[in-house]
Amino acid sequence: MKTKFFIFILMGLIFAGALLICSNVKTAEIPKEAEITTDELKISKSFKVSPGVKLTIKSSIVDVSVQSHETTDEVRVDFYAQGSPRRLSEFDVSFKEEENSLNIIVKHERKFRQFNFFDFFDFHDRSKIKEANLVIYAPESLNVEIQSSDGSIKLQKLSGNFNLSSTGGDIQIENVKGEIDGSSIGGDLRIRNCSGNFEIKTSGGDIIVSNFRGKIEANSSGGDITINKMDGSVKASSSGGDIKIDFINPVGTTKLSSSGGDIKIFAPSNFNAYIDFKSFGGDIQVDFPIKIDSKSRNELKGKIGEYEKSTIIASTTGGDITLQKRDEEI
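And the structure:
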């Protein structure tokens, strides 16, 4: 009885193997990737637009870059990908023009060959997209919405309203003015030479800002937040990371909070503000003359300078809070 059972199993395995071999031979006769004969895919298109056009981009495994050019009534789109012909054939790039808006969708969906068992274990071939970039040149003034999966986002020399979302990629913003709502899951956010009202957040990444004017709200789950040359107000929170703010000119109300990290604040020698610091399990150190309202082991409130130009509220659990003079004026 056992012998018959093993023979049955063996015959089944031989039959399955024969089917796989036949399916591979059949697939090889008519390769689906025959339309692509090189390891590069290029698409370039131009669109006439009106001032204040809205640009909507949805992409998968593609790095997206939007930057301004001198032409005020045209959007130019350059898509470039490099990899195996089979993987390039899985890209689907589409464009849709509507009233004062342009929609761009880049999809990359894995295609499995019918009856080919080895496709499910073809991990090496799956990663053969060496490079994939979507570069868009647009008028300086516009509104942009980007949803990126497994790709980075970059904005340069633009003004308007921007809604940015990246899963697994970094977000980089340079020389941009306006309103921004940006979020990344697992990526870093880097902002330089910008102004306006920014709301940014990341899960597990760092936030680095340099030379910002206006209001900024920054939230990181597990990462550090660093803001240099800040002119305006900040609302920042981090779970487990440090917060560092270097003020040129604090304006309005700033709120900083960290769970398990330190908070460091640098300010010019002519600093004027009301401070409200709370540290549970850490120390509080202030490198300015202060008129104290209340002071305890975990709390310090008081006025610095001749008048209350701004208010800084900071709290941390398990970390230190320090406020010190900048060594050199910026």
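Under numbering that gives the first Met the number 0, residue 329 is the last one in the sequence shown; the count climbs by one each step, no gaps. Note that beta-carbon positions come from the ideal geometry of N, C-alpha and C, so glycine has one too.
Distance CB(G159)-CB(G177) smaller than 8 Å: Along the sequence shown, read from residue 1 onward, the residue named residue 159 stands at position 160. Along the sequence shown, read from residue 1 onward, the residue named residue 177 stands at position 178. Their beta carbons are under 8 Å apart, which means G159 touches G177 by this criterion.
Same chain only: Cβ atoms within 6 Å of D223, ignoring 5 sequence neighbours per side: Here residue 223 refers to the residue found at position 224 when the sequence shown is read from its first residue. The residues are D205, G240 and D241.
Under the three-state DSSP convention, the category R325 falls into: Locating residue 325 in the sequence shown gives position 326, where the first residue counts as 1. Correct three-state label for R325: coil.
Taking the continuous beta strand (DSSP E) assigned at R191, which residues delimit it? Here the question's residue 191 lines up with position 192 in the sequence shown. Taken as a continuous stretch (DSSP letters only), the beta strand (DSSP E) holding R191 covers L188 to S202.
Sorry if obvious, but does the Cβ on I215 come closer than 7 Å to a heavy atom of the ligand HEM? Annotation note on the ligand HEM: not contained in the displayed structure, which lists no ligands.
If I follow the unbroken alpha helix (DSSP H) through R212, where does it start and stop? Numbered from 1 along the sequence shown, position 213 holds the residue referred to as residue 212. Here R212 belongs to no alpha helix (DSSP H); instead the beta strand (DSSP E) covers I206 to S220.
S278 classed as buried or exposed, judged by whether at least 16 other C-beta atoms fall within 10 angstroms: Locating residue 278 in the sequence shown gives position 279, where the first residue counts as 1. Buried, because 16 or more other Cβ atoms sit within 10 Å of the Cβ of S278.
From the DSSP output, in three-state form, read off P249 for me. Along the sequence shown, one-based indexing puts residue 249 at 250. The answer is strand: DSSP assigns P249 an E or B state.
Under DSSP, the alpha helix (DSSP H) around R296 begins and ends at which residues? In the sequence shown, residue 296 corresponds to position 297, counting from 1. Counting along the chain, R296 falls outside any alpha helix (DSSP H), and DSSP gives it neither H nor E.
Please state whether DSSP places L141 in a helix, a strand or coil. Counting from 1 along the sequence shown, the entry for residue 141 is found at position 142. Residue state, collapsed to three classes: coil.
By alpha-carbon positions, which one of N99, V76 and R85 ends up nearest to K93? The residue you call residue 93 lines up with position 94 of the sequence shown. One point to set straight first is that residue 93 is Ser, not Lys, in the sequence displayed. S93 has its Cα closest to that of V76, out of N99, V76 and R85.
DSSP has F265 in a bridge; who is on the other side? Counting from 1 along the sequence shown, the entry for residue 265 is found at position 266. Bridge partners of F265: D245 and Q323.
If we count the other Cβ atoms within 10 Å of its Cβ and call it buried at 16 or more, is T37 buried or exposed? Counted from its first residue, the sequence shown places residue 37 at position 38. With fewer than 16 Cβ atoms within 10 Å of its Cβ, T37 is classed as exposed.
Candidates I247, A217 and N248, of which the one nearest S257 by Cα: Within the sequence shown, the letter at position 258 stands for residue 257. Closest by alpha carbon: A217.
Do V48 and E330 have their beta-carbon atoms positioned less than 8 Å apart in this structure? Given a span of 0 to 329 for the chain in the structure shown, any question on residue 330 remains unanswerable.
Count Cβ pairs between the stretch 140 to 150 and the stretch 61 to 69 that sit closer than 8 Å; are there 3 or more? yes
Spatial neighbours of R191 within its chain, please: CB distance less than 7 Å, with the 5 preceding and 5 following residues excluded, ordered by chain position. Position 192 of the sequence shown holds residue 191. Correct list, in chain order: E173, S209 and N210.
Please tell me whether I274 and I311 are closer than 8 Å, where the distance is taken between their beta carbons. Taking the first residue of the sequence shown as 1, we reach residue 274 at position 275. Taking the first residue of the sequence shown as 1, we reach residue 311 at position 312. Yes, these two residues count as a Cβ contact at 8 Å.
Do the stretch 313 to 326 and the stretch 277 to 291 touch if we need at least three Cβ pairs shorter than 8 Å? yes
Who are the Cβ neighbours of E32 in its own chain at under 6 Å, not counting the five residues just before and after it? By 1-based counting over the sequence shown, the position of residue 32 is 33. With a pLDDT of only 32 at E32, under the threshold of 50, the placement of this residue in the model should not be trusted, and no figure is reported.
If I103 and I42 are in contact, beta carbons under 8 Å, what's the gap, nearest whole angstrom? By 1-based counting over the sequence shown, the position of residue 103 is 104. By 1-based counting over the sequence shown, the position of residue 42 is 43. At roughly 10 Å, the Cβ-Cβ gap does not stay under 8 Å, so I103 and I42 are not in contact.
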